[in-house]
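Asker:
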Amino acid sequence: MSHILTPETAARFAELALGHVTREYPHKLDHVMDGPEDVLGPRALHPIFFGSFDWHSCVHGYWLLLTVRRLFPDLPICRRIEALADEMLTPENVAGERAYLLRAYSGGFERPYGWAWLLALHREATQHGDREWGAVLAPLAEDFAERFRLFLPKLTYPIRTGTHFNTAFALILALEWAERHDGTLTTLIRARAVDYFGDDRACSGWEPGGDDFLSSALIEALCMKRCVTPAAFRTWLEGFLPDLIAGEPRSLFTPATVSDRSDGKIAHLDGFNLSRAWCWRGLADVLEPDLAALARDTAETHLDASLPYVAGDYMGEHWLATFALLALGAANV
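Under our numbering, the first residue of the sequence shown carries the number 1, and numbering increases by one thereafter.
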C-alpha cells in the first residue's frame with residue numbers, strides 16, 4: 001500500500017517541529033570564535049534559527065511548518081504555526097540573522113546545506129500570500145543566493161558525500177528557488193550540474209556510509225533530472241546506472257539498517273532511507289514503465305523501514321520529519 005501524506009500525518013509532523021524550532025538546547029553550533037567576546041549562546045547569535053539542535057535543522061523545521069500550513073490550511077495546528085511565524089519572521093530578526101553572515105570567518109557558515117534550505121524556506125514563504133513572510137525573508141535569501149553565485153564558479157569538484165556537504169542536494173533546493181527568483185542563478189546551477197556530473201558513468205553504488213543521510217548516487221541522479229531535458233536525462237542515466245532494471249547495484253534498492261537511534265550520526269540512516277524514497281519517487285516519472293514500478297516499490301520499502309521512527313529520540317526527532325515530508329511528496333522540492 002502506498003504511503004501518502006494525510007492531514008493527520010501532517011499535523012503530527014507539525015507538532016514535532018513546533019516542539020523543537022524554539023528549543024535552544026541541546027545545540028550544536030557552526031560558529032568560529034575570534035575572541036572571548038564571541039563566546040555566545042545560540043539565541044544571542046541567531047534570533048530566528050536558534051532551535052532544533054542546529055541552525056540548518058531549525059531552518060527546515062520552519063520550512064516544514066509553512067509547508068503544512070499551505071497544504072492543510074484548515075488544520076487547527078496552523079493557527080499555532082501562524083502565530084509563531086508572525087512572532088519570529090520579523091525584519092528585526094532577519095537583520096540579526098544577516099548580521100551573523102558579516103562576522104569574521106562566516107564565509108563557510110552552513111555551506112551548502114543550510115544555504116539551500118534557507119532558499120527553500122523563502123520559496124515556501126512566498127507562497128503564503130496572506131502574510132509578509134516571503135518579503136521579510138527576501139533579504140536573507142538574497143544573501144545566500146549571492147553566496148551560491150560566488151561559490152559555484154570556484155567549486156572545481158563536486159562534493160559527493162552523503163551528508164551536509166553534498167553538492168547535488170544543495171543544487172536541487174537552490175534550483176527550485178532560482179527558477180522563481182533568479183534566472184542567472186538558474187542558468188549557473190544547471191551548467192555546473194552538467195560540469196560536475198555530466199560525464200559520470202557506471203556508478204558503483206558503494207553506499208550507505210555509516211552516517212549518511214543522502215544517497216550520493218540517487219541524489220546526483222535527481223539533480224541531473226532537474227537540470228537537463230527528460231531525453232538527455234534518460235540517456236545520461238543509462239550510462240550512470242546501466243543495470244537498474246536488473247536491480248543493480250543492489251545497494252540502491254536495500255534500506256539501511258539503523259542500529260542505534262540515540263546516536264546522532266547513526267540516526268542519520270533513517271534520513272537516508274527517507275531521502276532515498278524521495279529520490280526514487282522523484283525519478284519514477286521519467287523512467288520506462290517496468291523500472292518506474294520498481295522505483296516506486298523501492299521507495300515504499302524505504303518508507304516502511306524508517307517512517308515509523310520519525311519521533312522517539314531527539315537525535316532524529318529534530319529533523320527527520322522534514323525528510324519524511326519530502327518523501328511523501330509534499331512539495332515540489
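All C-beta atoms in this analysis are idealised placements derived from N, C-alpha and C, irrespective of residue type, glycine included.
(1) Going straight from the alpha carbon of G19 to that of T9, what length do you get?
(2) Nearest to M315 by CA position, among A95, V258, K225 and A44, is which residue?
(3) Under 8 Å: do the stretch 71 to 90 and the stretch 23 to 43 share three or more Cβ pairs, one atom per stretch?
(4) Between the stretch 52 to 70 and the stretch 116 to 127, do at least 3 Cβ pairs fall closer than 8 Å?
(5) Going by C-alpha to C-alpha distance, which of L307, P289, A174 and P158 sits closest to I4?
(6) Given 8 Å as the limit, is there contact between the stretch 118 to 130 and the stretch 59 to 70, that is, 3 or more CB pairs closer than that?
(7) One question on the structure: do L175 and T186 come within less than 9 Å of each other, judged by their Cβ atoms?
(8) Spatial neighbours of L140 within its chain, please: CB distance less than 7 Å, with the 5 preceding and 5 following residues excluded, ordered by chain position.
(9) Quick check on R296 - is its C-beta less than 9 Å from some C-beta in chain B?
(10) Tell me the residue span of the alpha helix (DSSP H) that contains I245.
(11) Taking just the CA atoms, how far does A293 sit from W407?
(12) Express the C-alpha separation of R296 and R281 in angstroms, rounding to a whole number.
(13) Taking the alpha helix (DSSP H) that N273 falls in, what are its first and last residues?
(14) What does the Cβ neighbour count give for D285, buried or exposed, with the cut at 16 atoms within 10 Å?
(15) Within the same chain, show all residues whose beta-carbon is closer than 6 Å to that of L241, passing over the 5 residues directly before and after it, in chain order.
(16) What first and last residue would you give for the alpha helix (DSSP H) that runs through R222?
(17) With H, G and I counted as helix, E and B as strand and the rest as coil, what does DSSP make of G114?
(18) If I'm right that F13 touches A321 with Cβ under 8 Å, what's the distance once you round it to whole angstroms?
(19) Would you mind listing the alpha helix (DSSP H) stretches within the stretch 132 to 206 that are 4+ residues and don't spill past its ends, in chain order?
(20) Just mark S2 as buried or exposed, buried being the case when its beta carbon has 16 or more other beta carbons within 10 Å.
(21) Assign Y157 to one of two classes, buried (16 or more other C-beta atoms within 10 Å of its C-beta) or exposed (fewer than that).
(22) Give me the Cα-Cα distance between N332 and S275, rounded to the nearest whole angstrom.
(23) How about L102 and H122: are their beta carbons less than 9 Å apart?
(24) Could you compute how far the alpha carbon of R252 sits from the alpha carbon of A217?
(25) Does the beta-carbon distance from S52 to V32 come in below 9 Å?
(26) Go ahead and pull the three-state DSSP assignment for R296.
(27) Between which two residues does the alpha helix (DSSP H) harbouring L325 extend?
(28) Would you mind reading off the limits of the alpha helix (DSSP H) that contains M88?
Answerer: Inspection of the coordinates gives the following:
(1) 16 Å
(2) V258
(3) no
(4) yes
(5) L307
(6) yes
(7) yes
(8) V94, E97, R98 and L118
(9) Going by chain labels, chain B is absent from the structure shown, which holds only one protein chain.
(10) Segment: none, I245 is in no alpha helix (DSSP H) and carries neither H nor E.
(11) No answer is possible for residue 407: the residues shown for the chain start at 1 and end at 333.
(12) 6 Å
(13) H268 to A284
(14) exposed
(15) C203
(16) According to the sequence provided, residue 222 is Leu. The question's Arg does not apply to it. Segment S216 to C227, the alpha helix (DSSP H) holding L222.
(17) helix
(18) 4 Å
(19) 133 to 151, 167 to 181 and 183 to 197
(20) exposed
(21) exposed
(22) Legend: pLDDT at N332 = 44, less than 50; position of this residue unreliable, no value from coordinates given.
(23) no
(24) Before going further, note that residue 252 is Leu rather than Arg in the sequence given. Their backbone Cα atoms lie some 8 Å apart in a straight line.
(25) no
(26) helix
(27) L320 to A327
(28) I77 to M88
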